[in-house]
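Here the sequence shown is numbered in our numbering, starting from 1477 and rising by one per residue.
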Amino acid sequence: SRVLVTRNIATPFPHAFNGEDFDYWSSRFKIWSKAFDLWSIVETGFIEPENEGALSNVEKKIVSENRKKDTDALNQINFAIEKVVYEKIHKATTLNKDGRFCRKLTKEMSKLKMFGFKF
1477 SRVLVTRNIA TPFPHAFNGE DFDYWSSRFK IWSKAFDLWS IVETGFIEPE
1527 NEGALSNVEK KIVSENRKKD TDALNQINFA IEKVVYEKIH KATTLNKDGR
1577 FCRKLTKEMS KLKMFGFKF
């Protein structure tokens, strides 16, 4: 069983997506990630600034916080899907130029389903 520890509280992780009942899994994952303030970065994504050196200290801090949230969200998504599903998504999306497929997993999964990709 997977557990996320934050604020000194252990929280059970929603079951890992095994390729079945995507709608149920994605709704549980969305609620779970909102509880840890990760959903906004999953939904909007994180784009590295072109010239971080030109940013103010406040902007650099925000970029750093968003970079950490993005990494945390990617890590949690990796825990939330089984290996076989990860491999299918990775193969399908690396044909695309975008290698950051996990950032928007639910949207990517929906796109794959639209193209007839079976899980």
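All C-beta atoms, glycine included, are put in the ideal place defined by N, C-alpha and C.
As assigned by DSSP and simplified to three states, the class of residue i
| i | result |
| --- | --- |
| I1557 | strand |
| G1495 | coil |
Alpha-carbon spacing of residue i relative to residue j, whole angstroms
| i | j | result |
| --- | --- | --- |
| F1493 | A1556 | 6 Å |
| S1540 | S1509 | 19 Å |
| F1512 | K1564 | 27 Å |
| V1534 | D1497 | 42 Å |
| H1491 | L1514 | 17 Å |
| G1495 | V1561 | 6 Å |
| K1559 | F1522 | 24 Å |
Residue from the options whose Cα sits closest to the Cα of residue i
| i | options | result |
| --- | --- | --- |
| K1544 | F1505, K1559, I1517 and E1558 | I1517 |
| E1528 | S1502, Y1500, V1561 and I1538 | I1538 |
| N1542 | E1558, I1553, A1530 and P1525 | P1525 |
| R1504 | Y1562, K1559, Q1552 and T1520 | Q1552 |
### Message
My parser needs the alpha helix (DSSP H) runs of 4 or more residues fully inside the stretch 1509 to 1542; what are they?
### Response
1515 to 1520
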